[in-house]
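Read top to bottom, the protein sequences are chains S and W. Heads up, the first sequence is in our numbering, so the first residue is 52 and it goes up one at a time. Heads up, the second sequence is in our numbering, so the first residue is 52 and it goes up one at a time.
There are 2 protein chains.
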Amino acid sequence: MPVKMGIIGYGGMAGWHHEHSAETPGLEVVAAYDIDPARIAKAQEKGLKGYDSLRQFLADDSFELVLVATPNDAHCRLVLDALDAGKHVVCEKPVTLTLRDIDRMIETAQKNDRIFTVHQNRRWDKDFRIARDVLASETLGNVYSIQSRLHGSGGAMHGWRGEKKHGGGMLFDWGVHFIDQAYTMCGWDAFTSVRCRTANVKTTEVDDYFHLQFDRKDGGEYVVEIGTFVLKELPRWMLLGDQGTAYINGFARSGGVITLDNAIEDEPVIVMTSAGPTRTFAPRPDGVKTERELPDPDCHWTDYYKNVIATIEGREELIVKPEQVRRVLATILAAFRSAKTQKQIKL
Amino acid sequence: MPVKMGIIGYGGMAGWHHEHSAETPGLEVVAAYDIDPARIAKAQEKGLKGYDSLRQFLADDSFELVLVATPNDAHCRLVLDALDAGKHVVCEKPVTLTLRDIDRMIETAQKNDRIFTVHQNRRWDKDFRIARDVLASETLGNVYSIQSRLHGSGGAMHGWRGEKKHGGGMLFDWGVHFIDQAYTMCGWDAFTSVRCRTANVKTTEVDDYFHLQFDRKDGGEYVVEIGTFVLKELPRWMLLGDQGTAYINGFARSGGVITLDNAIEDEPVIVMTSAGPTRTFAPRPDGVKTERELPDPDCHWTDYYKNVIATIEGREELIVKPEQVRRVLATILAAFRSAKTQKQIKL
C-alpha cells in the first residue's frame, strides 16, 4: 500500500512535488486544497480530489500525509491544523519565520505523535553530495575554508518571495538550503558564530544578496554567498585544504580535485611577476598540479520522500529532523541580526 | 640635481628598489648599509658606497633620502635614527607592528621636519587601478560587493616572513597592501567594522591565509581573501554592482565588464534546471550579456618615487601619508583581534 498524500497550496512548488512523487515508489498524491479556484481546477485536471475547504480536506481519511506548500507566512497555522487532524506533515522550506512558530509545530507533532519534517531536499543535491564526499575522502587534508556560492543573473526575487510579509528574500529562500547543507556537512554543533551582510540589489523589500561566514569549532571557516545578480559566476563550491583544492562549477558534476605532485617544502625561487618580486605567489612550473575527477555519488531528490515514507512505516529514522530545522531557522535569524547590527553573532 | 638615496638592508626588496630607481627620473641610489658583509659586497658590486656602520651611513651627507628595507621588526629603530639624522625616510611595508611605534615615527618626522612615508607601491598596481577606474566610471551602478582576492600555490611564507618575531604572516605581508588599496579605493573613513578569519595552512608560526570582510558606511561590503595554497585561482577582483559585474583575473589587464542588454524587469519564466524549478536562477538566453574590455589606465610603480621626490622638492603633496599608514596598521591589528576573538571589530 502506498503512502497517500494531500497537498495544501497547489502552486509552483506543489506541481514539482506532484511530479516527483510519481517517481517515488510508495508515494501517491491524491488530493489538494487551495484558496484559488483556478489551482483547484488544475489539481483536478491532474487527477486529484480538489478541495476549497481546509476542514473538509483535513477530514478526508484517504491520505495520512500532508504537504504544506504555501507562501512561508501561512505555514504555521496549516501545519498545526494538519497535525491536529492526525496527519503526518511535510512542510516546504523555510518552515516558518519565528522560533515561536517552529516550537509550536514541534510540540503539536509530539502531542499528536505524528511525523513532522521539512522539505530540505537539497541535502540530496548532486553538487552537495560531491562536496561532502570530497571532504570525507580526506584527499584535501584539513579543509580550512569551505565556500558555498550561487551566482545568477535573474535579478530580483519574484512573486511573494519578493515580499517581506510572506517571508521572502534570499536568506529565507535559498539560504535555508545552503545553511542546512552547511550543518549537514560539518555537524550540527560545528559552528560557533556567524557574520552576515545582506544587500537589496534589485529587490526593495527583501534581501536578494547575502554573504555569510561561519566560524567553525575546528578553527576553519564556512562561507555562503548567494546573489541573484552576479553576471560572472564563481564556482558553486570551493574546498580549500592544506593538501589540495576542490572546485565544483555548478549543480552538476563539473570541476576537479587538485593536488600537487612535488613536495611543497621545495623552496621556490624568487620570481619577478607582474605582482613584483615574489616567492609566495611565484607561478608553479607546468605539470606539478594534478587534477582528478570529482566523485560521482548516487543521489536523487526522491530519496527525501523515500525516507519520509520509511519513517511513517517505522522502517527508518527521520533524516530531516525538526530540531535541525529549528537550528537552521535560529541561524538565519542570527544572520539577519548580524547584518542589522554589524556584529558577529555567537551560535 | 637628482634626489640621492641610501638603502638600509640590501636584501631581496632592496635590489628591486635599486633596479626600479634606475627607471625613476630624478632618483639616484648611492649608498647601502647592511649587517651582512655579503650584502655590502653585493651593493658595492652594483656601484654603491657600502657601509657596515649605521652611524657612518647616516653621517654621509651625499644623500638626503633613506629607504628602510629590513625585516619588519627592525623598521622602527632604523626609521627613528634616520629621521633624527636629518634624512627623509621611505620605509618598506608593513611599517611596523604596533601603533606605539608608528606614532613615534610620525612624531619624530614632525619634530625633524622630514618627510616620512611607506612603500605602499601597490596603489599603482595595474589591476587595482583598473578596478578603481571601473568603480569610478559608474558603469556598474551601486557596487554592493567589492572582492579583492589573491590565490597562489606557493604554500608557506618564506624566510623571516614566516617568523612571528619579525612580523611575518600574510596579513602583514600582503594584507597591508590590499587593505591600503581598500581604503584608497573607498575612502579613509569608508569602513565601519571588520571581521577576519586567519589560518595556518602550511606555516606554523604565522597566518598564511586570511579572509576579511569590511562593512562599508554606504551599506556595501569589501572582501579581502589571500591564500598561499589555493590551487584553483579565483579572479583577483570581482566588483558586483546593481547594473553589472566586473572581474579582473590577475595582476594584468585581463577580464571584463559585464552588463545586461535587456531590462532586468522582464519577468523570467520558471525553468527546470539541475537546481530544480527556479526563476531566480534560470539561465539567461544567450546574447543578453554584453562583455566590454577593461579600461587601460596608465600607471607604474615608479610613480611612487616620483611623488616622494616631488614632495621633497616641494612640488607635490605626499600621496602615501603617515596617518593613512597608521590607519592601515590599526586595521590589521583589529583584523587579528577579530580572528582571535571571533568578533566583528568596530573601526
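We put the beta carbon where it would ideally sit given N, CA and C, even for glycine.
Cβ-based burial, residue i [other Cβ within 10 Å; buried from 16]
i, result
"W:Glu367", "exposed"
"W:Thr26", "The structure shown does not extend to residue 26 of chain W, since chain W is modelled only from 52 to 398, so the question has no answer here."
"S:Leu150", "exposed"
"W:Lys177", "buried"
"S:Ile86", "exposed"
"W:Ala390", "buried"
"W:Ser188", "exposed"
"S:Trp352", "buried"
"W:Glu96", "exposed"
"W:Glu272", "buried"
"W:Ala297", "buried"
"S:Pro76", "exposed"
"W:Glu276", "buried"
"W:Gln161", "exposed"
"S:Ala301", "A small correction: the amino acid at residue 301 of chain S is Gly; Ala does not occupy that position in the sequence shown. It is buried - the Cβ of S:Gly301 has at least 16 other Cβ atoms within 10 Å."
"S:Trp225", "buried"
"W:Ala92", "exposed"
Within-7 Å CB hit, residue i to chain W
i, result
"S:Gly98", "no"
"S:Tyr298", "yes"
"S:Ile422", "Because chain S is modelled from 52 through 398, residue 422 of chain S falls outside the range shown and cannot be assessed."
"S:Phe332", "yes"
"S:Ile309", "yes"
"S:Trp283", "The residue asked about is misnamed: residue 283 of chain S is Lys in this sequence, not Trp. Answer yes: the Cβ-Cβ gap between S:Lys283 and chain W drops below 7 Å somewhere."
"S:Gly226", "no"
Proximity of residue i and residue j at Cβ, strictly below 7 Å
i, j, result
"S:Gly62", "S:Val194", "no"
"W:Val140", "W:Ala133", "yes"
"W:Leu384", "W:Val339", "no"
"S:Tyr84", "S:Phe108", "yes"
"W:Ala110", "W:Gly101", "no"
"W:Gly218", "W:Lys253", "no"
"S:Phe229", "S:Ser199", "yes"
"S:Gln171", "S:Val371", "yes"
"W:Val169", "W:Lys144", "yes"
"W:Ala386", "W:Cys247", "yes"
"S:Leu116", "S:Val185", "no"
"W:Ser72", "W:Val81", "no"
"W:Leu290", "W:Leu191", "yes"
"S:Met236", "S:Arg183", "yes"
"S:Lys268", "S:Ala241", "yes"
"S:Thr121", "S:Gly60", "yes"
"S:Asp164", "S:Val379", "no"
First and last residue of the uninterrupted alpha helix (DSSP H) at residue i
i, result
"W:His69", "Gly63 to Ala73"
"S:Cys247", "Unbroken run through S:Cys247 is the beta strand (DSSP E), Phe242 to Ala250; no alpha helix (DSSP H)."
"S:Glu79", "Looking at the DSSP string, S:Glu79 is not in any alpha helix (DSSP H); the run it does join, the beta strand (DSSP E), is Leu78 to Tyr84."
"S:His139", "First-last for S:His139: His139 to Cys142, but that is the beta strand (DSSP E), not the alpha helix (DSSP H)."
"W:Arg155", "Leu150 to Asn163"
"W:Ala182", "Lys177 to Ser188"
"S:Val379", "Pro373 to Thr392"
Rounded distance between the beta-carbons of residue j and residue i, thought under 8 Å
i, j, result
"S:Gly307", "S:Leu345", "6 Å"
"W:Asn123", "W:Leu148", "6 Å"
"S:Arg287", "S:Leu201", "6 Å"
"S:Lys396", "S:Val245", "Position check: residue 396 of chain S holds Ile in this sequence, whereas Lys was assumed. Indeed they touch by this definition, with Cβ atoms about 5 Å apart."
"W:Trp175", "W:Tyr355", "6 Å"
"W:Gln393", "S:Asp266", "5 Å"
"W:Thr331", "S:Thr279", "5 Å"
"S:Ile309", "W:Leu282", "4 Å"
N- and C-terminal bounds of the beta strand (DSSP E) containing residue i
i, result
"W:Lys357", "Element bounds for W:Lys357: not the beta strand (DSSP E) but the alpha helix (DSSP H), Thr353 to Ile363."
"W:Arg410", "The first residue shown for chain W is 52 and the last is 398, placing residue 410 of chain W beyond what the model contains."
"W:Cys237", "Where W:Cys237 is concerned, there is no enclosing beta strand (DSSP E), although the alpha helix (DSSP H) it sits in stretches over Val227 to Cys237."
"W:Gln264", "Tyr260 to Arg267"
"W:Thr310", "Gly306 to Leu311"
"S:Leu201", "Val194 to His202"
"W:Asp168", "Reading the sequence as shown, one finds Thr at residue 168 of chain W and not Asp. Segment Phe167 to Val169, the beta strand (DSSP E) holding W:Thr168."
Within-7 Å CB hit, residue i to chain S
i, result
"W:Ile315", "Because the pLDDT of W:Ile315 is 48, which lies under 50, any placement of that residue in the model is unreliable, and the question is left without a value."
"W:Thr279", "yes"
"W:Gly62", "no"
"W:Glu272", "yes"
"W:Tyr84", "no"
"W:Asp293", "yes"
"W:Gln95", "no"
"W:Gln395", "yes"
"W:Tyr195", "yes"
Min CB distance residue i to chain B below 7 Å
i, result
"W:Val252", "Chain labels in this structure do not include chain B; the protein chains are S and W."
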